[in-house]
Amino acid sequence: MLSKISLGRYYPAHSFLHDTDPRVKTILYFAYLVAIFIIKEPIAIGVLGAIIILQLILAKITPGILWSTVKPMMPLALFIFVINVFTITEGDVIFSWRFISITEYGISRAVIMAIRLILLIISTSILLTLTTTPLKMSDALEKLFAPLQIIKVPVHEMAMMMSIALRFIPTLTGETDKIMKAQQSRGANYDTGSFINKIKGYITVLIPLFVSSFRRADELAVAMDARCYRGGKGRTKLNPLRLTLRDVLAGIMFFLLAVLVVVIDFSLR
Amino acid sequence: MPEELNTIELQDVTFSYDDTDEVSDKSARKALDGISVRIERGSYTAILGSNGSGKSTLAKIIDILEVPDSGKVIFFGKDASDDELFWDIRANCCCVFQNPDNQIVGTIVEEDVAFGPENLGVPNPELRERVDQALKDVGLYKYRHREITALSGGQKQKLAIAGALAMRPDVLILDEATAMLDPSSRDDFLKLVESVRLRKKLTLITITHDMTEALRCDRIIIMNKGKVAVEGRPEEIFLREDLWQYGLKRPVKFNFAFEIARLTGEALREEDLKSDEVLISRLTEMLRKPGIKAPEINRITNKKSADQEPIMTIKDLSYTYDGGDAKAIENVNLEIRKGEVLGIVGESGCGKTTLISHLNAIFRPMEGDVIIHTKDGNLFCSNKKDTVKIRQKVGLVFQYPEYQLFEETVYKDIAYGLKMMKVRKEEQDKLVREAASSVGLTDKELDASPFELSGGQKRRVAMAGVLAMKPEILVLDEPASGLDPRGRQEMFKIIKGLSENGTTIVLVSHNMDEAAVNCDRICLIESGKVKCAGTPEEVFEQGNAERMGIQRPRIARFSALLRTELKRSIPEIRFENVEFVPESEAAAIVRAVSKAGVTDAE
Chain E
13 MLSKISLGRY YPAHSFLHDT DPRVKTILYF AYLVAIFIIK EPIAIGVLGA IIILQLILAK
73 ITPGILWSTV KPMMPLALFI FVINVFTITE GDVIFSWRFI SITEYGISRA VIMAIRLILL
133 IISTSILLTL TTTPLKMSDA LEKLFAPLQI IKVPVHEMAM MMSIALRFIP TLTGETDKIM
193 KAQQSRGANY DTGSFINKIK GYITVLIPLF VSSFRRADEL AVAMDARCYR GGKGRTKLNP
253 LRLTLRDVLA GIMFFLLAVL VVVIDFSLR
Chain A
14 MPEELNTIEL QDVTFSYDDT DEVSDKSARK ALDGISVRIE RGSYTAILGS NGSGKSTLAK
74 IIDILEVPDS GKVIFFGKDA SDDELFWDIR ANCCCVFQNP DNQIVGTIVE EDVAFGPENL
134 GVPNPELRER VDQALKDVGL YKYRHREITA LSGGQKQKLA IAGALAMRPD VLILDEATAM
194 LDPSSRDDFL KLVESVRLRK KLTLITITHD MTEALRCDRI IIMNKGKVAV EGRPEEIFLR
254 EDLWQYGLKR PVKFNFAFEI ARLTGEALRE EDLKSDEVLI SRLTEMLRKP GIKAPEINRI
314 TNKKSADQEP IMTIKDLSYT YDGGDAKAIE NVNLEIRKGE VLGIVGESGC GKTTLISHLN
374 AIFRPMEGDV IIHTKDGNLF CSNKKDTVKI RQKVGLVFQY PEYQLFEETV YKDIAYGLKM
434 MKVRKEEQDK LVREAASSVG LTDKELDASP FELSGGQKRR VAMAGVLAMK PEILVLDEPA
494 SGLDPRGRQE MFKIIKGLSE NGTTIVLVSH NMDEAAVNCD RICLIESGKV KCAGTPEEVF
554 EQGNAERMGI QRPRIARFSA LLRTELKRSI PEIRFENVEF VPESEAAAIV RAVSKAGVTD
614 AE
């Protein structure tokens, strides 16, 4: 069950967006992040949705894969929706009972908030995780944040940490699944019982998981040592990042589209 | 000195891990205690020893992953204590470790292979060429753009080899690299490594618990308590009678040969062990000696007969994982009989674990059902209300159960299940102590933290945790994996003890030899389906095995050679059992020869 979460997973394929320089994708990602947070108008959101659909096509991502990334976040989207419906009290009241009142405006705001969250997840997936391998992403971040090295920020190490963390997500989710099964067969119960009992139940998973993560970390450190890893100094790259004209043009085009969405949004207010 | 340039030499090396926080009273123990070893360039050496004898530490010292407390390491003429030569040596010596998942850095095959040479600063056209060449050498070139998670265990280990080869080393160290592989990927992996070794003139050092694997080397070093106990050629080593004290034993076929020698009153010599052909002809010669007494075969009486009543019925069971297109198990029908030891065998990924996860309702059946027959009627895994009862009746111990311990003391860990079942305190105490003693844990160990114990002891704790719940059926997934030969034997003794006390046992294994000896019946799973089920004799019968494409136990394969040779040289020989007898094959053969009454007249 847990191993199906594809959050942060890479989807191997050859596509326009897979081949795009990860630095360009990272910058674009931040542009879209800002755009998603700024816009409020349904039409602007619709345009943004259309752009994201175009990106999905360019990344050759099938609806099934898309759904598997979005699915685990659905409860959160629903939560945000519900919170918004109940807390926004401005506008025409449709339904009210005691202290609860649901308004038309509240519903429309709630829908927009939920959609924005989903768009955020989708664009993180298509621009970053699904189309970029963790190592490439760490390369990109290392390059983009290289100037910070001047003020002694260990950019290479941080990028390496991030890529290893991503690389181990599937391994650790698999492990969690195994431990849960094992504890269940010893009588642990994660599905029923009171909230406190459930939390207690998870301790039986977390302790072994921590212990095993430390063991893995130890072993990985030895393995990396054995393969002569000694930080970023003097390292070469099998696939060095190369910014092509195509990358630059694609970057500019999508950046302008993001700006366009924001402009539309502002003009409608 | 040319000779010095061609050896790796450890002189009086001492090393201890300074983990005072982990094992308080053992912290002073030296992992390596004044060890001196010489390894020649181009040689193929096996390092054997029990768990905790210092084998892996030795490998780390050679690769300078650890620096000795005292003593000297000379690596092909270079002194390892010289900081300038440090990286040189490390780049020239590569390690492949046991757990494939914990040594892969990249997400994509070629990214991972490149990791080593990238660290060495190999510039680009050459880097690409090295990566491609290494992937071609191990046969993974066509998978170079694959995700790591899409590889099997065997492929991951080959990937690790490619990652090593891309660094163009002279020395390759395999630190139990085959321990997590099933027999066929193990053979496949070793053949690959050996052919690469010959082509690239590598010095190969392999650390292993598999004695048959050690037989492939030119030299064996046995370690004990941080020292070299014995070293020599494989024939020399396996002639020794004292292997057991180092936690080792002979390869199965030698065990068998020595048993025949004992029964015929002859002795095997070093030169007899050179090859299978020599050994077979020597055994035939022994057996042709006139006047051999027929040994009594103690028919193992505890073999459970076929008319036992079933305790569990698996009916038309199928299961598909979320998003998977193929069925993980398909239409499995199987009956588990009361009191038997049933072996479930098959290659990695054949669906064994999926199948056993159904036996105590961890997985609820999608199609079909698992029915447990008890005195008070049937329990159905498909019925949610029966779950608690089923989990109590059927104990399930997954592979490497030691990784699931979490309590502060061993006692509490064992008692966890009982606590969840709300068993009374006094009753709990009794059950915990019973379970602990049935797996051989002492009272002192009950108060220890589970994290202080050795790997083998931790595994016993985890087993005791399941046994405390007094299951009628115990399902064990590879209970002996990762243990040294002595540990394996002890584990099977525990299992036998449980079986004699009336527990029905389901044993998952990929070791055909152990399954043949320890199980009453065997069920072979292939691609999620039951391929065949029956007694070990039936399943591994040569004709059946050939028809079904089953890999027979090593001993069966070896004894088939001997039987054929005997039939050729003693035409009047008749074997009582047409096929091999797992526990007493040597006796069966000697008996047949004796009955045939060979005279040396010819």
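Residue numbers (this note's numbering), protein chains in the order written: chain E, 13 to 281; chain A, 14 to 615. Beta carbons: idealized from backbone N, C-alpha and C, even for Gly.
*Taking the alpha-carbon positions, what's the Gly65/A to Asp237/E distance?*
22 Å
_Partner residues on chain E for Pro414/A, Cβ-Cβ distance less than 8 Å_ = Ala194
_beta strand (DSSP E) runs contained entirely in the stretch 326-385 of chain A, provided each spans 3 or more residues_ = 342-350 and 354-358
*Would you grab the beta carbon distance between Arg473/A and Leu444/A for me? Rounded to a whole angstrom, and I think it's under 8 Å.*
So it is not a contact: roughly 16 Å between Cβ atoms.
*Within the same chain, show all residues whose beta-carbon is closer than 7 Å to that of Pro27/A, passing over the 5 residues directly before and after it, in chain order.*
The displayed chain sequence assigns Thr, not Pro, to residue 27/A. Excluding positions up to five away in sequence, the list reads Lys43, Leu45, Asp46, Gly47, Pro81, Asp82, Ser83 and Gly84.
*asked:* Taking DSSP's pairing of strands, which residues face Pro323/A in a bridge?
replied: Arg350/A
*Look at the Cβ atom of Glu8/A, then the Cβ atom of Glu249/A, and state whether they are nearer than 7 Å.*
Residue 8/A cannot be examined here, being either before or after the span of chain A that is shown, 14 to 615.
*Taking a cut of 7 Å between CB atoms, which residues from the stretch 258-274 of chain E lie near chain A?*
none
*Go through its chain and collect everything with a Cβ distance to Gly67/A's Cβ below 6 Å, but skip five positions before and after it.*
Ala44, Leu45, Met236 and Gly239
*Are the C-beta atoms of Asn691/A and some chain E residue less than 7 Å apart?*
This structure cannot speak to residue 691/A, because chain A is shown only from 14 to 615.
*Is there at least one Cβ from chain A nearer than 7 Å to Asp33/E's Cβ?*
no
*Measure the CB-CB distance between His9/A and Asp195/A and report whether it falls below 7 Å.*
Here chain A covers residues 14 to 615 and nothing more, so residue 9/A does not appear.
*In chain order, what residues of the same chain lie with their CB nearer than 8 Å to the CB of Ile161/A, ignoring the 5 residues before and after it?*
Ile117, Gly119, Thr120, Ile121, Val122, Asp125, Lys169 and Leu172
*If you measure from the beta carbon of Ser135/E to each beta carbon in chain A, is any gap under 7 Å?*
no
*Checking contacts by CB at 7 Å: is Tyr241/E closer than that to chain A?*
yes
*Whose CA, out of Met193/A, Arg157/A and Thr216/A, lies closest to the CA of Arg181/A?*
Thr216/A
*By how many angstroms is the C-alpha of Gln195/E removed from the C-alpha of Gly213/E?*
9 Å
_Ser80/E, buried or exposed, once every other Cβ within 10 Å from all chains shown has been counted against 16_ = buried
*Answer yes or no: do Glu154/E and His168/E have a C-beta to C-beta separation smaller than 7 Å?*
yes
*Closest Cβ-Cβ distance between Lys38/E and chain A: below 7 Å?*
According to the sequence as given, residue 38/E is Thr; it is not Lys. Chain A contact via Cβ: absent.
*Do three or more CB pairs link the stretch 381-390 of chain A to the stretch 493-502 of chain A at distances below 8 Å?*
no
*Could you please give me the residues that DSSP links to Ala59/A through a beta bridge?*
Thr219/A and Ile233/A
_Counting C-beta neighbours from all protein chains within 10 Å, is the total for Gly556/A 16 or more, i.e. buried, or is it exposed?_
exposed
*Return the bridge partner residues of Asn13/A from the DSSP annotation.*
Because residue 13/A is not part of the residues shown, which for chain A are 14 to 615, the question remains open.
*Helix, strand or coil: how does DSSP classify Arg42/A here?*
coil
*For Val82/E, go through chain A and note every residue whose CB falls closer than 9 Å to its CB, in chain order.*
The premise fails here: Val82/E is roughly 14 Å from chain A at the closest Cβ pair, so nothing lies under 9 Å.
*Terminal residues of the beta strand (DSSP E) in which Ser83/A lies*: Ser83 to Phe88
*Any C-beta of chain A under 7 Å from that of Tyr22/E*: yes
*Is the beta carbon of Leu78/A sitting closer than 7 Å to the one on Val234/E?*
yes
*asked:* With three or more beta-carbon pairs closer than 8 Å as the criterion, would you say the stretch 125-141 of chain E touches the stretch 241-254 of chain E?
replied: no
_Can you pull out the residues from the stretch 113-140 of chain A whose beta carbon lies closer than 7 Å to at least one beta carbon of chain E?_
Asp114, Asn115, Gln116, Val118, Gly119, Thr120, Ile121, Glu123, Glu124, Ala127, Phe128, Gly129, Glu131, Asn132, Leu133, Gly134, Val135, Pro136, Asn137 and Leu140
*Just how far apart, CA to CA, sit His386/A and Leu409/A?*
17 Å
*On the DSSP bridge assignment, give the partners of Ile517/A in chain order.*
Contrary to the premise, residue 517/A reads as Thr rather than Ile in this sequence. According to DSSP, which records beta bridges pairwise, Thr517/A is partnered with Ile486/A.
*Does the separation of the CB atoms of Val59/E and Asp259/E fall below 7 Å?*
no
*asked:* For a contact defined as C-beta to C-beta under 8 Å, what are the partners of Ala104/A on chain E?
replied: Cys240
*Determine whether the Cβ of Gly118/E lies closer than 7 Å to any Cβ atom of chain A.*
no
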